[in-house]
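Chemist:
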Amino acid sequence: MDIKKSAFSLSAPSIGLCPTDNKIEYAFIGRSNVGKSSLINMLCNHKGLAKTSATPGKTLLINHFIINDSWYLVDLPGYGFAKRSKTVQQKLQQMISSYILQREQLVNLFVLIDIRHEQQKIDREFIDWLGESGVPFTIVFTKADKLGVVKSRQNAEKWMKQLADTWEELPPYFVTSSEKRIGREELLNYIDEINKKIEAE
Ligand SMILES: Nc1nc2c(ncn2[C@@H]2O[C@H](COP(=O)(O)OP(=O)(O)OP(=O)(O)O)[C@@H](O)[C@H]2O)c(=O)[nH]1
Ligand SMILES: [Mg+2]
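Sequential numbering of the sequence shown, starting at 27, is according to the working numbering.
(1) Contact between the segment 68-83 and the segment 120-131: three or more CB pairs below 8 Å?
(2) Mind checking whether ASP154 and THR202 have CB atoms under 9 Å apart?
(3) For ligand 1, is there any heavy atom lying closer than 8 Å to the beta carbon of GLY205?
(4) Pick out the complete alpha helix (DSSP H) segments inside the segment 134-194, 4 residues or longer, and give them in chain order.
(5) Kindly examine ligand 1 and report whether one of its heavy atoms sits closer than 8 Å to the Cβ of ARG57.
(6) Strictly by DSSP, which residues pair up with ASP218?
(7) Distance, Cα to Cα, THR164 vs GLU205?
(8) Following a CB-centred definition, is ALA76 positioned closer than 8 Å to any heavy atom of ligand 2?
(9) With burial defined as no fewer than 16 other Cβ atoms inside 10 Å of the residue's Cβ, what is the status of GLY209: buried or exposed?
(10) I need the boundaries of the alpha helix (DSSP H) containing SER123, first residue and last residue.
(11) Can you tell me whether THR224 is buried or exposed, with buried defined as 16 or more other CB within 10 angstroms of its CB?
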């Protein structure tokens, strides 16, 4: 599958203000600055579609992008950005968790992890929470260009192995780079498979 058409739809401060046309959607979450917005732009082949920034904390709303006129990609604010005030942080947390738990159109959540780092407590706790809540998700390692192919693979495998400490069944994972466009085809095919499965139902 390829993305032939992508456009900004709307930015919502809460789930109640998200699109109401019942199209399915895929959302991107992860720590601030991990590369969520960049990955959406890379997948869509559309620079500047989602706003990116070298400073963490850029995305603050639930942003919907309509793809091929038929489904959405959703850019979410990052979690775990220490420089925000407690009040802002709590508000964002609340917005993100109610979106993840209540949004019926959400068919899969992509959890982004910076491939350069050891497993961080905040990511692990978030993923464990998804598991406990029964949210379908996939892990996407980002910024693989910073490490190279071999080291990226090794880190990803190590990270997943650590997850197997408590997880009986591991979620699927992808290694990507928005900079070098690594993993684009794999991710798009993965989405396409889910789209087709849902269409067939
Ligand atoms: N080298 C490299 N840099 C990347 C990659 N993806 C993103 N970046 C950089 O990482 C920074 C953050 O990217 P964003 O896409 O804005 O990150 P985000 O997760 O949307 O951040 P917030 O919206 O603040 O939560 C930017 O400076 C990007 O250029 C990548 O694959 N490789
Ligand atoms: Mg962003």
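Ideal placement from N, C-alpha and C gives every residue a C-beta, glycine not left out.
Modeler: Put simply:
(1) no
(2) no
(3) The displayed chain sequence assigns Glu, not Gly, to residue 205. Checking the Cβ of GLU205 against ligand 1 gives yes.
(4) 147-159, 175-189
(5) yes
(6) BP columns for ASP218 are empty, so no partner.
(7) 21 Å
(8) yes
(9) buried
(10) 112-128
(11) The amino acid occupying residue 224 in the given sequence is Ile; Thr does not appear at that position. Exposed is the call here.
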